[in-house]
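In the numbering used here, the protein residues as written are -19 to 356.
Structure representation (structure tokens):
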């Protein structure tokens, strides 16, 4: 259990012993409390720490800098934060930076991906359980993420994937600032900052009845949208930054040819900065394997996403040396519509052919106002 002493939360364990009165009557009970000195070191050993700060977030685009500034302002207030961004935009990076710039920075940073936990396990992951609470449970019970996060930050990634059955239980915690373990009766105080992240527009999930409106308002106190890489105007500098990072990581000096850099600037990066980082590292390894210190066009073609992209551009417009990055949108629109027509409007097959996810394809269909069934 927990209680406050000298303005500090203390986690304690208690043991009760019966006391006998005269003539073997019940004389009451003696309860001995001991401060739980195991809990804190054990929590530190689990690795619940935030490693990144705002200094680790790179970008000079005006739009991106505005996002960073908003995140810094939000960090110093205790309100719940909702991060929006496509996959690979760095939502957890922002969450960790916010934690480290906040008054919760001395506490743990506990993250959980709501889409990665089976529906029948997510409650025990979040709240924990008492010993013997259900078949197969540990006899000593288990601490949940809400308790691990005490005094720090709880990061709920892909909150849009949280099962509807779990949402009212999360809402109750946010309203009452307490929870109970599965199989338990004791209310455990919750004192942590919630940062949630979604890779879809959460209000659309509310309208589609896949997310509770009351929970949405509890989480969406401060809303921060992280722009996708394709909307930034400093990709060239990010390429240089990740080349330096990869050089330090692999202990291998390399450069990028002009033609390869041109292709990197043309590509739409559906996986955003995560994809950019991985492509550069992948191609650096390939260049190293052929005893070269330069990433060239052939190295990039080993990556399916870029290969499919360039093949599509060659089909529609025969890309040449004079191709300008500013023409990308019109060419991409034409290529996507052509591929949709070839696949007879099949979204899954079209996404596979383009080397992007279905979610990204839906985004681009909406962006370019395309008709999947149309050949025009």
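Positions of the beta carbon are idealized from the N, C-alpha and C atoms, including for glycine. Please read all numbers here as calculations on a predicted model, not as lab measurements.
By the neighbour-count criterion, in which a residue is buried when 16 or more other Cβ atoms sit within 10 angstroms of its Cβ, residue 224 is exposed. The three-state secondary structure of residue 186, taken from DSSP, is helix. With 16 or more other Cβ atoms from the protein chains shown falling within 10 Å of its own Cβ, residue 161 counts as buried. Short of 7 Å from the beta carbon of residue 97, and not among the five residues preceding or following it, lie these beta carbons of its own chain, in chain order: 105.
With a contact defined as Cβ atoms closer than 8 Å, residue 327 and residue 338 qualify at about 6 Å. Under the three-state reduction of DSSP output, residue 133 falls in the strand class. The continuous stretches of alpha helix (DSSP H) do not include residue 141, and DSSP gives it neither H nor E. Residues of the same chain with a CB within less than 6 Å of the CB of residue 353, apart from the 5 flanking positions on each side, are 325 in chain order.
In the DSSP assignment, residue 265 falls within the unbroken alpha helix (DSSP H) covering 252 to 269. Here DSSP, grouped into helix, strand and coil, assigns residue 176 to strand.
The way I'd put it, the segment 228 to 245 doesn't touch the segment 56 to 74; fewer than three beta-carbon pairs between them come closer than 8 Å. Residue 202 is not a Cβ neighbour of residue 30, given a cutoff of 9 Å. In this structure, residue 173 places its C-beta atom within 9 Å of the C-beta atom of residue 132.
By the C-beta criterion, the segment 137 to 150 is judged to be in contact with the segment 190 to 198, since at least 3 inter-stretch pairs fall below 8 Å.
Exclusion of the five residues before and after residue 286 leaves 247 and 280 as the residues of its chain whose Cβ lies within less than 6 Å of its Cβ. Boundaries of the alpha helix (DSSP H) harbouring residue 193: 193 to 199, taken from the DSSP string. For the pair residue 36 and residue 321, the Cα-to-Cα distance works out to about 43 Å. Residues 215, 249, 252, 253 and 256 of the same chain have their beta carbon placed closer than 7 Å to that of residue 209, with the five preceding and five following residues left out of the count. DSSP places residue 64 inside the beta strand (DSSP E), whose first and last residues are 61 to 64. DSSP lists 235 as the bridge partner or partners of residue 274.
Taking 8 Å as the upper bound for CB-CB distance, residue 330 and residue 319 are in contact here, some 5 Å apart. Inter-residue distance for residue 347 and residue 336 is about 15 Å (C-alpha atoms, whole angstroms).
The three-state reading of DSSP puts residue 153 in helix, counting H, G and I together.
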